[in-house]
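Engineer:
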Amino acid sequence: MYTKHFPKKIQALLLSAALLGASGAAIADDIKIGFNSDMSATGSADFGISALAGARQAADDLNAAGGVLGKKVVIVERDDVGAPPKAIQNTNELVDNVKVNAMLGGVNSGNMLAWLHIVQQKKIPTISPVATATDITNRYAKTPPNYVFRVSMRDRDQIALLAAYAARSSQSGKVAIIADTTGYGQQGAKDALEILALHKITPVANEKFGPKDTDMSSQLNKIKASGADTLIVYALADSNAHVMRSLEKINYFPTTLASWANLSSPFLRIAGPELAKKMIFTASITEDSSPQSKTLYDTLMKRDGRVPTYVMAAQAYDSVKLIAAAMEQAKSTDGAAVQAALQQLSQAQGVIKNYQQPFSADNHEALSVKDFRLVRWIDGKVVSVDDDVTRKITPDDLKL
Amino acid sequence: MQILQAILSGLAMGSVYALVAFGFSITYTTTKTFNFGQGAFLALASLIGISAILLVTQGKLIGFPSPEDVTWGTFLFALLAAMLVLSLLGFVLYVTAIKHFVGEAGLSWVMSTIGFGIIIQNLALLIWGPAPIAVASPLGEGIITIFGTGVRPQEILVFCTTLVLMIVFDWALHKTKMGKAVRAVAFSKSTASLMGINANAVAIAVFVISSALAAIAGVMIAPIATASVFVGTLLSLKAFSAAILGGLENPRGCIFGGFLIGLLESLIGLWYSNLREIAVFGLIIVVLYFRPAGILGRVHAEKV
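As C-alpha cells, this is what we get:
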C-alpha cells in the first residue's frame, strides 16, 4: 500500500509544482503596470476610482489587439487611502514584490510626491494621470534621466487658460481672486496673480477662506464692493460649491472661473444644478468631445454603470497607451529603455488626442494649456463652453 | 449692508458654536470632564440624520437625498433619530470612557474621550464614506432678503432653535429641581450626595444632554455645511474655543462666546480675511491673560 501510494503523492506534488511554475511563469511574463491611488478615503477617491477604470480599459483594449510585445498587460492596483505612509508601502510592494514594469500615480499630489524617490531610484517609468502639482514632473528634471511623466493638467496651465478667459471676458478689467488656505488654493492664487500680471491685470481683490468654511459671504461682499466682474476661485470641489452658495446669498454673479476640481461630483451635489451652471472651469476632455471619447465613455458606463469623473478615466487610459507605445518602440520592458523611449516617442493614439512627440528630455507633460478646454455642468453633464469669449481666445492669450 | 450681511452670517454660525459649547459647559461643571470627541458626535449625528431621511423616502440608508425628500416630517424624524442614537452614545461614552476618571486626578479622560471620538469617526467613515452629502432645508433653498442682505431660511432656523433651546436650558438650570440638582453637583459633588442627590445619575444625564445637543447641531447644520465625517472637527474646536472664551463654567458665558466667535470671524472676513483665525485665537489668548476663567467665568480658589 505504502509503496503504491508514495509515487502517486510525488506525482501529484510534481504535477502541482509544474502547474504552479507554469502559472507563475505566465504572471512573470505579463507586463504589469502598478496603480497606486486613493480610492476610498478622501474627497478625491472618486478621481482614483475613475482613473483605475480608464487604465483597466486601456489594458483590455491593448490585450484585445494582441497585447504589448506579444505579452498581456495587467493593471495591479493598490489603494493608498489618502495616506502618504500607505502610498510609500504600496509602491515598495509593487516595485519589489510584484515587480511592476511601470507605475501610474495617484490623485493626491502630496501622496504621489511621497513615493516618487522610489520609482526614480528603481528606474520605473511613472506617469501621473491625475495629480497636478508642478513638482511631480519637476523634482528630478535637473538630475536626468527623470522617470516621472504626466498626462494631466498642471495647475499653472489651467490658470493660464482661466486668465486668458478673464482677460477677454472682463468688461471693467476688474478681476478678483478668492482661494482656500490649503497648499492647493494658495499656490493657485499665487500663479493666478503672476499670470494675470502677464495680461497687465492687477486683481482688485485677493481673498482667502478656510478649507472647511461654508460661508464666504463676507469675503465675497468685499469683492462685490470692489466692482469686480470676473472672479477666479481656486479651491477644492466642496469649497467651490460653498462659494457659489455664498454668491447666491449676496446676489452677486460675476463671471466665475475655476480649476477642474469642480469635475468632482460633490460640487454638483452641494451647489445644485442651477448654481453649478454658473461656474466655468477647465477640463482636458468631455465625454462628447470626439467620437473616440464617446466610445470610451459608453464602454466604461456599460462595464461599471457609472464613471464619477470621466476626465480622469480618459487621462489614465491615455497614460497606459503611452507606456505601451513606448515599450513597443523600445522593443523592451526594461525601465531605462522605456524611459528613453517615452522621451523620444514619435506618436501614440490616445482618446484625448493623437500624441505626436508628447514628451522630450525637457518636457514631461503630455498635455499643455493648448489641449485644455473650458467646461461647465449642464443637466448633470460636463459640457464644453462655446461662447464669444472662448472663440476669441488665441494662442497668444495663453501666457504662462 | 455688508456689515448686516456679516452679522447675520456670523449669528448663524455662532449659534452652532453656542449649542456645542453649552454641551461642553454642562458636563464640565458637573463632572470636570467633557467629551473631546464632540466633533465626531456632531458629524455622526448629521450622517444618521441623512440615513433617517433616506430610510423614510427611498427605503435605504446610504445615498444622497434629493431636495424633495426633505420635508418637515422627514427633517424632524431625522432630528429625533439622531438625538435618540446620540443620547444612547452619550450614555455609553460616560460609562466606558468617563465614569472611572470622574473626581480622579490626571487627564486620562482626555485620551479616552479623544479615542472614543476617533473610533466613532472611523466607524462612520466605514459606513458612510468620505464624500460630503448635501441635504436641502425643510424651508427650501430660497434666499430671504432682509434690508438688502441675503439669508438662508435654514440659517434663521438654526439661530432661532439655538435661542429657544438656550432660554429653555437656562430656565431649567435655575428653576427646575433637576436643574438645581445639576448645579448642586457642580458646586460640590459630596455635599450634593449628602443631600440625597444621585450624583451619578446627574452625570449620566448631562452627558446624554450634551450628546443630544451635538445631535441637534449636526442635523441643523447639515443643510448649511453638508453632512460628512469631517464636518465636526473644526466646528467643535471653534465651539470649544467659544466655551473657553466665554467661561467654561458658565453656561451663559459659553453661549455668549459662541456668538462672539461667529460674529468676529464674519466681521474680520469683511475687513482682512487673512487675519481671521489670527484675530479669533489672538483674542482668546488676550482674554485669558486678563480673565483666566473667560469673559463671564469666575475664578474659584482651588481647595487641595
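Top to bottom, those sequences are chains B and F. The numbering used here puts the first residue of the first sequence at 11, with every later residue one more than the last. The numbering used here puts the first residue of the second sequence at 540, with every later residue one more than the last. By construction, the Cβ of each residue, glycine as well, lies at the ideal position given by its N, Cα and C atoms.
#1: Is residue 289(B) closer than 9 Å to residue 416(B) when the C-beta atoms are compared?
#2: In whole angstroms, what separates the C-alpha of residue 796(F) from that of residue 586(F)?
#3: If you run the structure through DSSP and keep just helix, strand and coil, what is residue 130(B)?
#4: Taking residue 108(B) as the reference, give the member of 188(B), 156(B), 143(B), 42(B) with the closest Cα.
#5: If you scan the stretch 213–277 of chain B from start to end, which runs of the beta strand (DSSP E) of 3 or more residues do you find wholly inside it?
#6: Report the three-state DSSP secondary structure of residue 289(B) (helix, strand or coil).
#7: Are there 16 or more other CB atoms within 10 angstroms of the CB of residue 313(B), so buried, or fewer, so exposed?
#8: Is the stretch 322–333 of chain B close to the stretch 56–65 of chain B, with three or more CB pairs under 8 Å?
#9: For a test of the three-state rule: what should DSSP assign to residue 295(B), helix, strand or coil?
#10: Taking the alpha helix (DSSP H) that residue 365(B) belongs to, which residues open and close that run?
#11: Within the 9 Å Cβ cut-off, does residue 805(F) reach chain C?
#12: Identify every residue that forms a DSSP beta bridge with residue 138(B).
#13: Between residue 55(B) and the rest of its own chain, which residues show a CB-CB distance below 6 Å, the 5 nearest in sequence each way excluded?
#14: Express the C-alpha separation of residue 395(B) and residue 351(B) in angstroms, rounding to a whole number.
#15: So what's residue 152(B) in DSSP terms, helix, strand or just coil?
#16: Any C-beta of chain F sitting closer than 9 Å to the C-beta of residue 60(B)?
#17: Does DSSP classify residue 112(B) as helix, strand or coil?
#18: Contact between the stretch 241–251 of chain B and the stretch 170–188 of chain B: three or more CB pairs below 8 Å?
#19: List, in order along the chain, the chain F residues whose C-beta lies closer than 8 Å to that of residue 315(B)?
#20: What is the rounded straight-line gap between the Cα of residue 810(F) and the Cα of residue 547(F)?
#21: For residue 52(B), which residues of its own chain have a beta-carbon under 6 Å away from its beta-carbon, when the five flanking residues on both sides are left out?
#22: Please list the partners that residue 279(B) has in chain F, where partner means a Cβ-to-Cβ separation under 7 Å.
#23: At a CB-CB cut-off below 7 Å, which residues of chain B make contact with residue 596(F)?
#24: When the Cα atoms are used, what is the spatial distance from residue 579(F) to residue 230(B)?
#25: For residue 226(B), would you say it is in contact with chain F, using Cβ-to-Cβ distances shorter than 9 Å as the test?
#26: Which runs of the beta strand (DSSP E) at least 3 residues long sit entirely within the stretch 640–718 of chain F? Give them in chain order.
#27: Quick test of your reading: residue 786(F) and residue 824(F), contact by CB under 8 Å. State the CB separation rounded to the nearest angstrom.
#28: Give the residues of chain B in contact with residue 773(F), contact being defined as C-beta atoms less than 8 Å apart.
#29: By how many angstroms is the C-alpha of residue 778(F) removed from the C-alpha of residue 557(F)?
#30: How would you call residue 32(B), buried or exposed, if buried means at least 16 neighbouring beta carbons within 10 angstroms?
#31: Could you check whether the Cβ of residue 52(B) sits closer than 9 Å to any Cβ belonging to chain F?
#32: For the beta strand (DSSP E) containing residue 561(F), name the first residue and the last one.
#33: Taking any Cβ of chain B, which residues in the stretch 758–770 of chain F have a Cβ under 9 Å from it, in chain order?
#34: Name, going along the chain, the residues of the stretch 127–147 of chain B whose beta-carbon falls closer than 8 Å to a beta-carbon of chain F.
#35: Around the C-beta of residue 162(B), are 16 or more other C-beta atoms found within 10 angstroms, so that it is buried, or is it exposed?
#36: Can you tell me whether DSSP reads residue 183(B) as helix, strand or coil?
Structural biologist: The answer reads as follows:
#1: The question about residue 416(B) has no answer, for chain B in this structure spans 11 to 410.
#2: Reading the second sequence from its first residue, position 257 is the one you call residue 796(F). Reading the second sequence from its first residue, position 47 is the one you call residue 586(F). Taking the straight line joining both Cα atoms gives about 27 Å.
#3: Position 120 of the first sequence, counted from the first residue, corresponds to residue 130(B). Of the three classes helix, strand and coil, the one that applies to residue 130(B) here is helix, per DSSP.
#4: Numbered from 1 along the first sequence, position 98 holds the residue referred to as residue 108(B). Out of 188(B), 156(B), 143(B), 42(B), 42(B) has the C-alpha closest to the C-alpha of residue 108(B).
#5: Counting only runs of 3 or more, we get 215–219, 240–244, 265–268.
#6: To locate residue 289(B), count along the first sequence from 1; it is residue 279. Correct three-state label for residue 289(B): strand.
#7: The residue labelled residue 313(B) in the question sits at position 303 within the first sequence. With fewer than 16 neighbouring CB atoms inside 10 Å of its own CB, residue 313(B) falls in the exposed class.
#8: A contact exists between the stretch 322–333 of chain B and the stretch 56–65 of chain B.
#9: As a working mapping, residue 295(B) is identified with position 285 in the first sequence. Residue state, collapsed to three classes: coil.
#10: Residue 365(B) sits at position 355 when you count from the first residue of the first sequence. Where residue 365(B) is concerned, there is no enclosing alpha helix (DSSP H), although the beta strand (DSSP E) around it starts and stops at 364–366.
#11: Among the chains of the structure shown, chain C does not appear; the protein chains present are B and F.
#12: By 1-based counting over the first sequence, the position of residue 138(B) is 128. Bridge partners of residue 138(B): 160(B).
#13: If you number the first sequence from 1, residue 55(B) lands on position 45. If we look at residue 55(B) and ignore the five residues flanking it on each side, its Cβ neighbours are 48, 49.
#14: Locating residue 351(B) in the first sequence gives position 341, where the first residue counts as 1. Locating residue 395(B) in the first sequence gives position 385, where the first residue counts as 1. One C-alpha to the other measures close to 36 Å.
#15: Within the first sequence, the letter at position 142 stands for residue 152(B). Reduced to three states, the DSSP call for residue 152(B) is coil.
#16: Position 50 of the first sequence holds residue 60(B). By this cut-off, residue 60(B) is not an interface position.
#17: On the first sequence, residue 112(B) is found 102 positions in, with the first residue counted as 1. Here residue 112(B) sits in strand by DSSP.
#18: Yes: the two stretches touch, three or more of their Cβ pairs being nearer than 8 Å.
#19: Mapped onto the first sequence, residue 315(B) falls at position 305. Among the residues of chain F, none has a CB under 8 Å from the CB of residue 315(B); the nearest is roughly 15 Å distant.
#20: Along the second sequence, one-based indexing puts residue 810(F) at 271. Along the second sequence, one-based indexing puts residue 547(F) at 8. So the alpha carbons of these two residues sit roughly 16 Å apart.
#21: The count along the first sequence starts at 1 and reaches residue 52(B) at position 42. Taken in chain order, the residues that qualify are 92.
#22: By 1-based counting over the first sequence, the position of residue 279(B) is 269. The answer, in chain order, is 603, 673.
#23: As a first step, residue 596(F) must be located in the second sequence, where it is residue number 57. Residue 596(F) does not reach chain B, its nearest Cβ partner there being about 16 Å away, counting only Cβ pairs nearer than 7 Å.
#24: Along the second sequence, one-based indexing puts residue 579(F) at 40. Along the first sequence, one-based indexing puts residue 230(B) at 220. Those two C-alpha atoms are separated by around 30 Å.
#25: Here the question's residue 226(B) lines up with position 216 in the first sequence. So yes, residue 226(B) belongs to the interface.
#26: Contiguous beta strand (DSSP E) elements confined to the stretch 640–718 of chain F occur at 683–685, 688–690, taking only those with 3 or more residues.
#27: Taking the first residue of the second sequence as 1, we reach residue 786(F) at position 247. Taking the first residue of the second sequence as 1, we reach residue 824(F) at position 285. Contact doesn't hold; Cβ gap of about 15 Å is too wide.
#28: Reading the second sequence from its first residue, position 234 is the one you call residue 773(F). Chain B residues near residue 773(F): 220, 222.
#29: The sequence position of residue 557(F) within the second sequence is 18, counting from 1. The sequence position of residue 778(F) within the second sequence is 239, counting from 1. Residue 557(F) and residue 778(F): Cα-Cα distance of roughly 6 Å.
#30: Numbered from 1 along the first sequence, position 22 holds the residue referred to as residue 32(B). A caution first: residue 32(B) carries a pLDDT of 48, below 50, which makes its placement in the model unreliable, though a value can still be read off. Its Cβ having fewer than 16 others within 10 Å, residue 32(B) is exposed.
#31: As a position in the first sequence, residue 52(B) is number 42, starting the count at 1. Yes, contact with chain F.
#32: The residue given as residue 561(F) occupies position 22 in the second sequence. It is not in any beta strand (DSSP E) - residue 561(F) instead sits in the alpha helix (DSSP H) that spans 541–570.
#33: For the stretch 758–770 of chain F, residues whose beta-carbon sits nearer than 9 Å to a beta-carbon of chain B comprise 760, 763, 764, 765, 767, 769, 770.
#34: Those residues of the stretch 127–147 of chain B that come within reach of chain F (Cβ to Cβ, closer than 8 Å) do not exist; the list is empty.
#35: Taking the first sequence and counting its residues from 1, the one referred to as residue 162(B) is at position 152. By the 10 Å Cβ count, residue 162(B) comes out buried.
#36: Locating residue 183(B) in the first sequence gives position 173, where the first residue counts as 1. Correct three-state label for residue 183(B): coil.
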